[in-house]
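What follows is a short report on a single structure.
Numbering (my numbering), first residue to last: 1 to 192.
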């Protein structure tokens, strides 16, 4: 095959891939894996226009930290102890829109965005990101309740501190994701 045909073939494949991405529904999945001493830690977040899913498998030594974060951020009135498992569930109109189940080394969260409020989605989205950080790196997280306000400017735009830059990047990514979800919801409303 000569270079001209090879170049055209690659360009066609790239164009088809770009078209497929632009016409697919807005669904993003991220998966991270790390190896530990006992088992490898895995977490997966799937976001689409109508649902949010978080699944993780981790070493038992991370269980207490994961449980602590869940108990801090999710209302105890929705908690059910089932043996060694913890389960949070929320309903509206007899339909379950949120479920979270924690066992010794597994966690699964699911949220129906069509039945959930935007504020509750934001809380769960931030919770999922923080849980992924804990499970993957086992760093202790400090959480402050989200208070709706205008976005704050970066502490120091010229900072080269990697932790500060990572935090600012995560905040910017969350704001972008919220804006994209809002655009999708408005498009759905306009289409109806």
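Even glycine gets a Cβ: it sits at the ideal position worked out from N, Cα and C.
The model shown is predicted, which means the values in this text are computed figures rather than measured ones.
Got a sec, what are the start and stop residues for the beta strand (DSSP E) residue i sits in?
i           : result
residue 42  : 40–47
residue 55  : 51–57
residue 96  : 95–102
residue 106 : 106–112
Determine, using beta carbons only, whether residue i and residue j come nearer to each other than 8 Å.
i           : j           : result
residue 184 : residue 51  : no
residue 58  : residue 109 : no
residue 136 : residue 41  : yes
residue 179 : residue 125 : no
residue 78  : residue 65  : no
For residue i, is the classification buried or exposed, using 16 other Cβ atoms within 10 angstroms of its Cβ as the cut-off for buried?
i           : result
residue 151 : With a pLDDT of 47 at residue 151, under the threshold of 50, the modelled position of this residue cannot be trusted, and the question is left open.
residue 92  : exposed
residue 56  : buried
residue 191 : exposed
residue 107 : buried
residue 18  : Unreliable positioning characterises residue 18 in this predicted model, as indicated by a pLDDT of 48, which lies under 50. The coordinate reading is nonetheless provided below. That one is exposed.
residue 68  : exposed
residue 74  : buried
residue 172 : exposed
residue 127 : buried
residue 81  : exposed
How is the alpha helix (DSSP H) around residue i delimited, first residue to last?
i           : result
residue 137 : 118–137
Between the Cα of residue i and the Cα atoms of the options, which residue gives the shortest distance?
i           : options            : result
residue 105 : 79, 61 and 112     : 61
residue 83  : 71, 101 and 177    : 101
residue 94  : 72, 77, 42 and 115 : 115
residue 130 : 165, 117 and 174   : 174
residue 46  : 112, 167 and 71    : 112
residue 103 : 72, 97 and 87      : 87
residue 133 : 162, 75 and 170    : 170
residue 182 : 76, 121 and 72     : 121
Open item on the list: What ranges does the beta strand (DSSP E) occupy inside the stretch 66–92, keeping only unbroken runs of at least 3 residues that lie completely in it?
Closed with: Counting only runs of 3 or more, we get 79–82 and 85–92.
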